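Residue 152 in our numbering sits at position 152 of the first sequence; the count goes up by one each step and never skips.
Here a beta-carbon is modelled for each residue, glycine too, at the ideal position from N, C-alpha and C.
If you're wondering where the values come from, they're calculated on a predicted model, not measured in any experiment.
Scroll down for the structure; my scribbles are underneath it.
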Amino acid sequence: MTQEKVRVRFAPSPTGQVHVGNARTALFNWLFARQKGGTYVLRIEDTDVERSEARYETQLLDDMKWLGIDWDEGPDVGGPFPPYRQSERLDIYHQYAGKLLEKGKAYLCFCPADVLEQEREKALAEHRPPMRSCPCAEVDPAELQKRRAAGESAAIRLKIPDHPIRFHDIVRGWVEFPPEAVADPIIVRSTGMPVYNYVVVVDDALMEITHVIRGDDHLSNTPKQVVLYEAFGWKVPEFAHLSTILGADRQRLSKRHGAVSIANFRDSGVLPEALFNYLALLGWAPSGGDREIFSKEELVKEFDLGRVTPSAAVFDVDKLNWLNRHYIKEAAPERLAALAQNYWDRMFRDSIVAQTGLTPAAEVSKPGYGLSDEALEWLKKITALLAPSVDRLEQLPERASLIFAYDPVAATMAPDNAEVLSAPNTARVLDAFAAKIAADAEAQAQKLSPERFKAIVNEVKTETGVKGKDLFHPIRVALTGSHSGPEFDKLVPILEEGSRLKLPKRVLSVRERIEAFQAARTA
RNA sequence: GGCGCUAUCGUCUAGGGGUUAGGACGGAAGAUUCUCAAUCUUCAAACCCGGGUUCGAUUCCCGGUAGCGCUACCA
1 MTQEKVRVRF APSPTGQVHV GNARTALFNW LFARQKGGTY VLRIEDTDVE RSEARYETQL
61 LDDMKWLGID WDEGPDVGGP FPPYRQSERL DIYHQYAGKL LEKGKAYLCF CPADVLEQER
121 EKALAEHRPP MRSCPCAEVD PAELQKRRAA GESAAIRLKI PDHPIRFHDI VRGWVEFPPE
181 AVADPIIVRS TGMPVYNYVV VVDDALMEIT HVIRGDDHLS NTPKQVVLYE AFGWKVPEFA
241 HLSTILGADR QRLSKRHGAV SIANFRDSGV LPEALFNYLA LLGWAPSGGD REIFSKEELV
301 KEFDLGRVTP SAAVFDVDKL NWLNRHYIKE AAPERLAALA QNYWDRMFRD SIVAQTGLTP
361 AAEVSKPGYG LSDEALEWLK KITALLAPSV DRLEQLPERA SLIFAYDPVA ATMAPDNAEV
421 LSAPNTARVL DAFAAKIAAD AEAQAQKLSP ERFKAIVNEV KTETGVKGKD LFHPIRVALT
481 GSHSGPEFDK LVPILEEGSR LKLPKRVLSV RERIEAFQAA RTA
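Quick look at the structure:
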């Protein structure tokens, strides 16, 4: 048996943002294609004219590229089987529907939609299976053709044969449906618009797709499609129906579950390689099952469609966050700084809006926010300091609030700080620290080195006899407003440098902070 | 209702006729640190239920239950 060249496709509908379920389907297709040295086809399923929008198609392509998925054939790059947009293939569908009619594999149906609907509801209410075919199936085809020629509009129905329908699925094995379970489906509406279950088969066959990898919501539709392949005399492809991704409530993942689109993850500061890695682990594990971290290349090598689990999987945000933290730590500093800049820009813009009620002019809100090179370098240091401890890059401004949003009054009143502030030695430590900073030449000159800072803290220590936690904690609360945060060695230079920079949001120096805090504390 | 798919720690999963049922996330405890995070160490935590096959079922078969999907002139 000769190994035929693998051709797979990802066929999304441009009806909204790409969510993780679809992205995983795209990913598994891609992994399979790349591993087999096959071809990856991107086809846009926009037969639902009501809901399809061009802007969603553009975003879809962008989202795929961002995730790291590329395609060999598609609406933007072309290929040997154009067009790659279903809305542009209508003629093809009509041509092939005609063939089915000629062969007697399908028939015209004149039943009014509302009558059918009533019939269906009645059958359901009476707990009996809905009818398998419609009365038109019994009528002489020539008669039906005549009616259509006379101008009466008709739908086209596929004849379902009277034997069980069996097909092979890579993740589920052999699947069989009894003939009575599937009714003669409409393949072309009376409006002339073809139906999804029909066009997908025509497209997949004409595009020579060898492996149909898609969500398992299509599993029950597959027998109809298999009949279609057989009616045309086309080779039935291999199927692989991927399980559904669920939310924590075990319901199918949707917008209700919050931000689940690819765009949402990107905006929140999830790295593409983290999402890529996470999605690959949802429903698949390597043999041994004891590895979690995989690069794209490793996945292409080790991924195995046959090992994909058939059971539904709950999307675990915590695990994605864990992977994201891992990749953030691995990321090159320059890349991280560039990504983080978006969030700093956002923070500055928000603060300007909050202060002035005005939205900054467009030119100011361009990346970098019109900041000096010096200021941008300084922000890079903050990113490098804080990024390793966030789940998502969007948390950066919040983590940096001890730098940008220092509020001495709030700090003295915060319940979290009560214990530290009421400790017996706190007042002595802070008074001594404040006095030394005030007297210090370096601090006066607005530039306090970390070494000098350390020396001052040491002097406070010898002078007051307080050490360790009792010494550092009050100082930390006084300078940052919080009892937790990065170590002083790294924080002090950032505060000092920031205080001399021209920023949309002023940063206070160590000296300004201790003075403000003493004032608030004694007030 | 009918049909189909699925069922291992809270979650993602490995495994498979005899195992101390493994790993990861999350959780707990400890070490470290001025603190948080990080890191390291340790711990708790699972084979849906009932029959059958078998010397022996979590594993194979059947049934039940539950979840999900399809049952459209939606995709």
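message: List, from N- to C-terminal side, the beta strand (DSSP E) runs of 3 residues or more that fit wholly inside the region 65-148.
response: Listed in chain order, they are 106-109.
- request: For W174, collect the residues of the same chain with a Cβ closer than 8 Å to its Cβ; drop the 5 residues on either side in sequence, then sort them by chain order.
  value: Same-chain partners within the cutoff: R166, F167, H168.
query: Between A155 and R189, is the Cβ-Cβ spacing less than 8 Å?
result: Cβ distance < 8 Å, so A155 and R189 count as in contact.
- prompt: Taking the C-alpha atoms as reference points, what is the distance between K454 and L448?
  reply: So the alpha carbons of these two residues sit roughly 10 Å apart.
- prompt: Looking only at C-alpha atoms, which of P272, E297, D304 sits nearest to S287?
  reply: Closest option to S287, Cα to Cα, is D304.
query: So, helix, strand or coil for R9, using DSSP?
result: R9 falls in the strand class under three-state DSSP.
message: Using 8 Å as the cut-off, can you tell me whether the region 414-429 makes contact with the region 465-484, which would need three or more C-beta pairs spanning the two stretches below that distance?
response: Three or more beta-carbon pairs drawn from the region 414-429 and the region 465-484 are found closer than 8 Å, and the two stretches are therefore classed as touching.
task: Please confirm whether P310 and V227 have their CB atoms less than 8 Å apart.
output: No; because the gap between Cβ atoms is not below 8 Å, this pair is not in contact.
query: Run through DSSP, which three-state label would R513 get?
result: DSSP places R513 in the helix class (H, G or I) of the three-state scheme.
query: Does the count of Cβ pairs from the region 98-116 and the region 55-68 closer than 8 Å reach three?
result: Cβ pair count under 8 Å is below three, so no.
- request: Over the uninterrupted beta strand (DSSP E) stretch that includes V212, give me the two end residues.
  value: In the DSSP assignment, V212 falls within the beta strand (DSSP E) that extends over 211-215.
message: Assuming contact is defined by CB atoms lying nearer than 8 Å, are Y196 and T47 in contact in what I supplied?
response: Yes, these two residues count as a Cβ contact at 8 Å.
message: So within the region 227-273, which uninterrupted alpha helix (DSSP H) runs reach at least 4 residues, ignoring any that extend past its ends?
response: Qualifying alpha helix (DSSP H) stretches, in chain order: 262-267.
- request: Kindly identify the DSSP beta-bridge partner or partners of D169.
  value: Per DSSP, the beta-bridge partners of D169 are G173, F239.
task: Using DSSP bridges, identify the partner residues of H581.
output: The requested residue 581 is not part of the displayed model; the chain covers only 1 to 523.
- prompt: In its own chain, which residues sit with a C-beta less than 7 Å from the C-beta of A23, not counting the 5 before and 5 after it?
  reply: Once the five neighbours on either side are set aside, the close Cβ partners of A23 are L67, I262, L279.
task: Quick one: using the 10 Å Cβ neighbour count with 16 as the cut-off for buried, is R506 buried or exposed?
output: Classification of R506: exposed, given that the 10 Å Cβ count is below 16.
message: Assess contact between the region 63-78 and the region 29-41, defined as three or more Cβ pairs (one per stretch) separated by less than 8 Å. Is contact present?
response: With the rule of 3 Cβ pairs closer than 8 Å, the region 63-78 counts as touching the region 29-41.
field: Neighbourhood of G247 by C-beta, 6 Å cutoff - its chain only, sequence neighbours within 5 removed
entry: Only L253, H257 meet the Cβ criterion.
- prompt: If you compare alpha carbons, which of V8, L479, A375 is closest to R500?
  reply: Residue A375 is the option with its Cα nearest to R500.
query: Do you know whose CA, among G289, P223, A387, L282, lies nearest E334's CA?
result: If we check each option's Cα against that of E334, A387 comes out closest.
Start and end residues, beta strand (DSSP E) containing Y406: Taken as a continuous stretch (DSSP letters only), Y406 belongs to no beta strand (DSSP E), as it is neither H nor E.
message: Which of the three DSSP states is assigned to T464 in this structure?
response: In this structure, T464 counts as helix in the three-state DSSP scheme.
Sequence-distant residues of the same chain with beta carbon closer than 7 Å to E496, five excluded per side: These residues qualify, in order along the chain: K447, L448, S509, V510.
query: Smallest Cα separation from T210: which of R9, Y327, E419?
result: Nearest C-alpha to T210 among R9, Y327, E419: R9.
Alpha-carbon spacing of Y343 relative to G370, whole angstroms: Y343 and G370: Cα-Cα distance of roughly 14 Å.
Own chain partners of P223 with C-beta closer than 6 Å, once the 5 adjacent residues on each side are dropped: Around P223: I165, F177, V182.
- request: Sort F265, Y96, C136, H241 by Cα distance to H19 and report the nearest one.
  value: Nearest of F265, Y96, C136, H241 to H19, Cα basis: F265.
query: By Cβ distance below 6 Å, which residues in the same chain neighbour P450 in space, the five residues on each side in sequence not counted?
result: Excluding positions up to five away in sequence, the list reads D489, V492, P493.
message: Given a cut-off of 8 Å on the beta-carbon distance, is the pair A478 and I514 in contact?
response: Against a cut-off of 8 Å, the Cβ pair of I514 and A478 comes out as a contact.
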